[in-house]
Amino acid sequence: MKALVNLLLLIAFISIYSCAPLYAPNAINVPLFSEKGEIQANISGGRNGYDLMTAYSITDHLAVMLNGQYQNRTRENVNVSTKDYRQRTFGEAGFGYYMKLNEKTRFEAFGGGGLGNAASYVENGLTDVRANGEYSRFFIQPSIGKTSDIFDVAFSLRFGYVNLYNFNKEYQDLHFTPYTYLIEPMTTFRIGYKYVKFFIQVGASFHTEPHFYSSNIVPIVFNFGLNLNMGKYKKVEQPINLP
Numbered sequence: 016m017k018a019l020v021n022l023l024l025l026i027a028f029i030s031i032y033s034c035a036p037l038y039a040p041n042a043i044n045v046p047l048f049s050e051k052g053e054i055q056a057n058i059s060g061g062r063n064g065y066d067l068m069t070a071y072s073i074t075d076h077l078a079v080m081l082n083g084q085y086q087n088r089t090r091e092n093v094n095v096s097t098k099d100y101r102q103r104t105f106g107e108a109g110f111g112y113y114m115k116l117n118e119k120t121r122f123e124a125f126g127g128g129g130l131g132n133a134a135s136y137v138e139n140g141l142t143d144v145r146a147n148g149e150y151s152r153f154f155i156q157p158s159i160g161k162t163s164d165i166f167d168v169a170f171s172l173r174f175g176y177v178n179l180y181n182f183n184k185e186y187q188d189l190h191f192t193p194y195t196y197l198i199e200p201m202t203t204f205r206i207g208y209k210y211v212k213f214f215i216q217v218g219a220s221f222h223t224e225p226h227f228y229s230s231n232i233v234p235i236v237f238n239f240g241l242n243l244n245m246g247k248y249k250k251v252e253q254p255i256n257l258p
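Quick note: to get the working numbering, add 15 to the position in the sequence shown (first position is 1).
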């Protein structure tokens with residue numbers, strides 16, 4: 016029975032991690048701004064590493080964002096002699112439009128791009144695969160959500176294009192495709208009070224190219240972290256001294 020369980024675990028590992036993936040989706044930055052002068056920062060961790068996200072509303076309808084992702088981890092299963100290592104750094108910038116639909120409902124749409132590099136290898140006793148390279152990604156990301164002092168919820172749909180380059184691995188797939196379009200739906204929940212909230216983000220990543228190198232990853236995204244809303248910077252008006 017134990018041998019059968021180990022065999023099933025090995026088959027599952029090979030089917031999910033048979034290639035050494037380079038691209039993995041980062042968390043989606045969903046500020047849900049209300050007005051000019053707001054600053055938000057988020058830090059989170061999940062199955063694809065750690066994310067740091069910042070955003071600033073430069074007018075009552077325009078905003079900018081900067082996001083970063085980092086991963087460096089190794090997973091081993093001694094029972095079936097498997098090892099999975101992934102290292103990744105990624106940074107991106109975006110510019111967008113937001114509006115208040117009513118007192119609590121927000122709509123926003125951001126677009127931008129970023130660059131990353133990654134290294135990955137899988138050892139499973141039957142096939143060892145190692146890969147490293149760089150990639151670029153461009154995105155358009157509309158979101159709609161509701162916000163309050165205690166609870167926020169938002170739905171986002173990120174459309175992207177990823178291109179791998181300077182790519183090296185130990186063997187070449189006959190039908191390898193280094194680029195793909197992405198569809199990544201995500202839902203964000205935040206709970207706390209006013210300026211500090213905990214958040215959970217869940218979603219998926221779907222590739223349109225069947226032979227994209229990372230296409231056989233289980234496309235699940237999960238992040239948990241902390242959201243800081245530093246509010247609106249208010250200029251202190253100087254009193255007018257009358258003669």
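All residues carry an ideal CB built from backbone N, CA and C; glycine is no exception. None of these values were measured; they are calculated from a predicted model.
How many angstroms separate the CA atom of residue i from the CA atom of residue j?
i	j	result
V10	L241	Beyond the ends of the chain as shown, which are 16 and 258, falls residue 10; an answer cannot be given.
F213	Q102	26 Å
L243	V79	16 Å
A134	M245	36 Å
E91	Y136	12 Å
V217	I58	15 Å
G128	Y38	14 Å
N63	R152	16 Å
F191	R121	41 Å
Using CA coordinates, which residue listed in the options is at the minimum distance from residue i?
i	options	result
F86	T97, N183, G109 and G61	A small correction: the amino acid at residue 86 is Gln; Phe does not occupy that position in the sequence shown. That would be G61, whose Cα lies nearest to the Cα of Q86.
T203	Y194, P46, L37 and P36	P46
F110	S171, R90, Y150 and F154	F154
I235	E199, T223, Y208 and S171	E199
F170	N183, M201, S151 and N147	M201
R145	N117, E50, K51 and Y228	Y228
Y208	Y194, I165 and I54	I165
T104	G131, Y196, Y113 and T89	G131
P193	I206, V177 and R205	V177
G83	D75, L77, A56 and I73	A56
So, under 8 Å CB-CB, residue i and residue j are touching, yes? Tell me the CB distance rounded to an integer number of Å.
i	j	result
G160	V168	6 Å
E123	S163	At roughly 17 Å, the Cβ-Cβ gap does not stay under 8 Å, so E123 and S163 are not in contact.
K98	E138	4 Å
Quick one: is residue i buried, meaning 16 or more other Cβ sit within 10 Å of its Cβ, or exposed?
i	result
F239	exposed
P40	buried
P36	buried
G180	Reading off the sequence, residue 180 comes out as Tyr, not Gly. Y180 comes out exposed.
E118	exposed
T223	exposed
Y196	exposed
M68	buried
H221	Going by the sequence as given, residue 221 is Phe instead of His. Exposed, by the Cβ-count rule.
I43	buried
Please tell me whether, using a cut-off of 7 Å, the distance from the CB of residue i to the nearest non-hydrogen atom of the ligand COA is below it.
i	result
Y113	No copy of the ligand COA occurs in the structure displayed, which carries no ligand at all.
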